[in-house]
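Peer 1: When the sequence shown is numbered by my numbering, its final residue is 651 and no position is left out of the sequence of numbers. C-beta atoms are modelled at their ideal positions from N, C-alpha and C, and glycine is treated no differently.
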Amino acid sequence: MAKVLVIDDDRSVRHIVTSGLTGHHGFEVVTAADGEAGLAMVVDHQPEVCLLDVFLPEYNGIELFRKIRALDRKLPVIFITGDTSSETAIEAMRAGAFDYLAKPLNIEQLRSLTLSACQARRLMDQPVALPVGEGISEGERFVGNSKTMIEVYKDIGRVASQNVTVLIRGESGSGKELVARALVNHSDRRDMPFVAVNCAAIPDQLLESELFGHEKGSFTGAERRRIGRFEQCSGGTILLDEVGDMSSVIQGKVLRLLQEQKFERVGGNELISTDVRIIAATNRPLEQLATENEFRDDLLYRLNGFTIALPPLRDRRDDIPALLEYFLRRAKTDMNRPELVGIAPSALDLLVNYDWPGNVRQLQSVVRQSLLNTTGTVIGSENLPGFIRNPSLEHDQFRNAPHVAKNASSTLTETERERPPMGNRAQGLVKQEHQANEIEPAQNNSLGLHNSSFHDPSVQETLAPPVFSIDAFVRSRLEAGSQDLYNELIEQVERRLFAQVLAATAGNQSKTAEILGITRGKVRDRIATFDIQLDRTITMGK
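(1) Cα separation between Gly132 and Leu219?
(2) Is it right to say Lys631 is buried, meaning 16 or more other beta carbons lie within 10 angstroms of its own, or is it exposed?
(3) Can you check which of these residues, Asn272, Leu348, Met301, is closest to Ala289 by C-alpha distance?
(4) From Ile245 to Arg438, what does the alpha carbon distance come to, in whole angstroms?
(5) Can you find at least 3 beta carbon pairs, one from the segment 327-342 and one from the segment 421-432, that sit closer than 8 Å?
(6) Give the single residue among Lys263, Glu369, Pro454 whose Cα lies nearest to the Cα of Glu491.
(7) If I'm right that Ser343 touches Thr391 with Cβ under 8 Å, what's the distance once you round it to whole angstroms?
(8) Using 8 Å as the threshold, is the segment 599-610 in touch with the segment 214-230, meaning 3 or more CB pairs across them?
(9) Report the option in Gly191, Ile216, Arg182 whose CA atom is closest to the CA atom of Phe207.
(10) Please report how far the alpha carbon of Gly616 lies from the alpha carbon of Leu316, in whole angstroms.
(11) Label Val122 either buried or exposed according to how many other C-beta atoms from any shown protein chain fall within 10 Å of its C-beta, with 16 as the threshold for buried.
(12) What does the alpha-carbon distance come out to for the pair Ile624 and Glu603?
(13) Output the boundary residues of the beta strand (DSSP E) element that contains Phe303.
(14) Since Leu432 and Val252 are thought to touch, with beta carbons under 8 Å apart, how far apart are those beta carbons, to the nearest angstrom?
(15) By DSSP, does Glu137 sit in helix, in strand, or in coil?
(16) Taking DSSP as the reference, what is the three-state secondary structure of His559?
(17) Assign Leu348 to one of three DSSP states: helix, strand, or coil.
(18) From the DSSP output, which residues share a beta bridge with Lys631?
(19) Run through DSSP, which three-state label would Asn439 get?
(20) Look at the alpha carbon of Tyr168 and the alpha carbon of Ala204, and state the distance between them as a whole number of angstroms.
(21) I need the straight-line Cα distance from Thr127 to Gly495, nearest angstrom please.
(22) If you check the beta carbons only, do Phe321 and Phe404 fall under 9 Å apart?
(23) Figure out for me which residue from Leu493, Leu276, Glu448, Thr483 has the closest Cα to the Cα of Val461.
(24) What is the DSSP secondary structure of Gly451, counted as helix, strand or coil?
(25) Could you tell me which whole alpha helix (DSSP H) segments of length 4 or greater appear in the segment 270-350?
(26) Spatial neighbours of Gln471 within its chain, please: CB distance less than 7 Å, with the 5 preceding and 5 following residues excluded, ordered by chain position.
(27) Once the 5 residues before and after Thr638 are set aside, which same chain residues still bring their CB inside 7 Å of it?
(28) Rounded to whole angstroms, what's the CA-CA distance from Arg231 to Thr484? Just pull it up for me.
(29) If we call anything under 9 Å between Cβ atoms a contact, is Thr621 one with Ile311?
(30) Leaving out five residues on either side along the sequence, give the residues of the same chain with a beta carbon under 6 Å from the beta carbon of Ser327.
(31) Could you tell me which uninterrupted alpha helix (DSSP H) segments, each at least 4 residues in length, are contained entirely in the segment 111-178, listed from first to last along the chain?
(32) So for Gln642, helix, strand or coil by DSSP?
(33) Mind checking which residues open and close the beta strand (DSSP E) that includes Arg423?
(34) Excluding the 5 residues preceding and the 5 following Ile171 in the sequence, name in chain order all residues of the same chain whose CB lies nearer than 8 Å to its CB.
(35) Can you look up Lys371 in the DSSP assignment and give me helix, strand or coil?
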């Protein structure tokens, strides 16, 4: 028998809820006409679900909700109100409500939502597979005691105090910069400057100036002398991240610096001495690049003074529970969710068995997404992103290159389609309407392409990703209480942009970079970040 408490000053609402729930799914309904009586019933009856009117004569519903939570922090509360404004719904969800229903009440919707809340409450009462502790460690740190990570720790200890160049290899998101910082923190240069430069994120013409500096008047716009990173970091350490994306000119200058500890600024002829330790990082096969004459083999030998290989997360699954616990503790504080208890066994099993193409960075992102989707104190499997719960969705619009989407007229995201009925917020906040700011499939002729296949409607239909509505996405994230909406939206737009242009160029990364006005290294970085399947993209582009 599941006890449901209804707090509403409207007698007709109390009657409708009582008659609508009693006898269904084992519900037993108790009611209160005011806030004080409702608080007393929370203590006396210990209900599993509470239906709370937002506007009571003597209480603001949000204030009463907080008092209820102080008595029972696990009690799922569903707000009911005649006010259908988005502000009321947003405020209710931000306060931590389980859901939100508008009057007049739909009985079937009421039963379904109450049942979901009841199941969530029972999940909270079960032992969690991964409890979350209090407090967080200062700064980023390594987490994990798997055999492969212990070897990484040993390597860091062996080489940190040695004044040798270190090459860190690992997939995108595996923690290469964290290794570099650990090397610095355990070296004699720990109190000296440390700078990380992403070689893939800076255009070639600017990267040389960024690293070596330039003299006044050395190129258009060089209005004053600029001191480069190698000069700034003298006595310290510099991390050259994605070192495989440097141009041959810059590679030659870095090689000279490694050999002589001297360099010239752009446009200058004065030799400048520096004492800087170089740590390089890459997710690319530098030996293969050297064979293809894209990377200098003499520079490779110099950089490879000592190699630290970071394993992908799928090869150290034993560390996933510890990583989850660490990220949950951080998110619990960052996102102001002190009530969080942990992760349910079913959710933990899914997370441990997922392959994590984006590695630790992706895991951290999924933790935050799941917490945003959780209204209770325990993250259950239903709160995880769709592609975690159903690996077949790995090729959906959120993860990969264009795919078949013949029935993609809905503006709802895949995650929203999977979500169970969620009361008025699903009906009122996320509407299937084509807004003016929908992102439509790009017109290939605007890309300057001449492949006739791109004008074939059947190919266009196959390549076109589902229409994505910014309005619908923003509304759904606001509904979920997002605290990182800017980055979430930019990521969704970037995914679609890179997927479409790569498909239009048949996977040609140089052409893609040219069209987008960015470096080829940044294209490669986004391909890795978004796990775009190039072989599939090329096939579809043909």
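Peer 2: Answer, in terms of the structure:
(1) Position 23 of the sequence shown, counting from 1, holds the residue named residue 132. Position 110 of the sequence shown, counting from 1, holds the residue named residue 219. A straight-line Cα-Cα distance of about 14 Å links Gly132 and Leu219.
(2) Here residue 631 refers to the residue found at position 522 when the sequence shown is read from its first residue. The residue in question, Lys631, is buried, as its Cβ has 16 or more Cβ neighbours within 10 Å.
(3) Residue numbering aside, residue 289 sits at position 180 when the sequence shown is read from its first letter. Here the closest residue by C-alpha is Leu348.
(4) The residue labelled residue 245 in the question sits at position 136 within the sequence shown. The residue labelled residue 438 in the question sits at position 329 within the sequence shown. Unreliable positioning characterises Ile245 in this predicted model, as indicated by a pLDDT of 41, which lies under 50. A coordinate reading is not provided.
(5) Contact between the segment 327-342 and the segment 421-432 is absent, because fewer than three Cβ pairs lie under 8 Å.
(6) One-based indexing of the sequence shown puts residue 491 at position 382. Glu491 has its Cα closest to that of Pro454, out of Lys263, Glu369, Pro454.
(7) Within the sequence shown, residue 343 is the residue found at index 234, counting from 1. Within the sequence shown, residue 391 is the residue found at index 282, counting from 1. Actually they do not touch by this definition, with Cβ atoms about 24 Å apart.
(8) The segment 599-610, when compared against the segment 214-230, does not touch it at the 8 Å Cβ threshold.
(9) As a working note, residue 207 is residue 98 in the sequence shown. For the residues Gly191, Ile216, Arg182, the minimum Cα distance to Phe207 belongs to Arg182.
(10) Working through the sequence shown from its first residue, we reach residue 616 at position 507. Working through the sequence shown from its first residue, we reach residue 316 at position 207. Rounded to whole angstroms, Gly616 and Leu316 show a C-alpha spacing of 26 Å.
(11) Within the sequence shown, the letter at position 13 stands for residue 122. A residue is called buried once 16 or more other Cβ atoms fall within 10 Å of its Cβ, and Val122 is buried on that count.
(12) Your numbering for residue 624 matches position 515 in the sequence shown. Your numbering for residue 603 matches position 494 in the sequence shown. The straight-line gap from Cα to Cα measures roughly 14 Å.
(13) Residue numbering aside, residue 303 sits at position 194 when the sequence shown is read from its first letter. Element bounds for Phe303: 303-307.
(14) Counting from one through the sequence shown, the residue named residue 432 turns up at place 323. Counting from one through the sequence shown, the residue named residue 252 turns up at place 143. That pair is a contact at about 5 Å.
(15) As a first step, residue 137 is located in the sequence shown; it is residue number 28 there, counting from the start. Shown here, Glu137 sits in a strand according to DSSP, grouped into three states.
(16) Here residue 559 refers to the residue found at position 450 of the sequence shown. Caution is warranted here: a pLDDT of 35 is assigned to His559, below 50, making its placement in the model unreliable, and the coordinate value is therefore given only provisionally. Reduced to three states, the DSSP call for His559 is coil.
(17) Here residue 348 is taken as the residue at index 239 of the sequence shown, counted from 1. In the structure shown, Leu348 adopts extended strand secondary structure according to DSSP, grouped into three states.
(18) Walking along the sequence shown from the start, residue 631 turns up at place 522. Per DSSP, none; premise fails for Lys631.
(19) One-based indexing of the sequence shown puts residue 439 at position 330. According to the sequence as given, residue 439 is Arg; it is not Asn. Helix at Arg439.
(20) Here residue 168 corresponds to residue number 59 of the sequence shown, with the count starting at 1. Here residue 204 corresponds to residue number 95 of the sequence shown, with the count starting at 1. Distance between the alpha carbons of Tyr168 and Ala204 is about 15 Å.
(21) In the sequence shown, the residue the question calls residue 127 occupies position 18. In the sequence shown, the residue the question calls residue 495 occupies position 386. Cα-Cα distance, rounded: 35 Å.
(22) Sequence index remark: in the sequence shown, residue 321 carries index 212 (1-based). Sequence index remark: in the sequence shown, residue 404 carries index 295 (1-based). Against a cut-off of 9 Å, the Cβ pair of Phe404 and Phe321 comes out as no contact.
(23) The residue labelled residue 461 in the question sits at position 352 within the sequence shown. If we check each option's Cα against that of Val461, Leu493 comes out closest.
(24) On the sequence shown, position 342 is the one that residue 451 refers to. Annotated three-state conformation of Gly451 is strand, per DSSP.
(25) Within the segment 270-350, the complete alpha helix (DSSP H) runs of at least 4 residues are 285-294, 313-321, 338-341.
(26) In the sequence shown, residue 471 corresponds to position 362, counting from 1. Result list for Gln471: Gly282, Trp465, in chain order.
(27) By 1-based counting over the sequence shown, the position of residue 638 is 529. Closer than 7 Å at Cβ, skipping near neighbours: Ser281, Gly467.
(28) For the purposes of this step, residue 231 is taken as residue 122 along the sequence shown, with counting starting at 1. For the purposes of this step, residue 484 is taken as residue 375 along the sequence shown, with counting starting at 1. If you take the alpha carbons of Arg231 and Thr484, they lie about 14 Å apart.
(29) Mapped onto the sequence shown, residue 621 falls at position 512. Mapped onto the sequence shown, residue 311 falls at position 202. Contact: no.
(30) Taking the sequence shown and counting its residues from 1, the one referred to as residue 327 is at position 218. Excluding residues within five positions, the ones whose Cβ falls inside 6 Å are Val375, Gly376.
(31) Listed in chain order, the alpha helix (DSSP H) elements of length 4 or more contained wholly in the segment 111-178 are 120-130, 144-154.
(32) Locating residue 642 in the sequence shown gives position 533, counting from the first residue. In the structure shown, Gln642 sits in coil (DSSP, three-state: anything other than H, G, I, E or B).
(33) Along the sequence shown, one-based indexing puts residue 423 at 314. For Arg423, no beta strand (DSSP E) encloses it, and the DSSP letter there is neither H nor E.
(34) Within the sequence shown, residue 171 is the residue found at index 62, counting from 1. Excluding residues within five positions, the ones whose Cβ falls inside 8 Å are Val163, Glu200, Ala201, Ala204.
(35) Within the sequence shown, the letter at position 262 stands for residue 371. Lys371 falls in the strand class under three-state DSSP.
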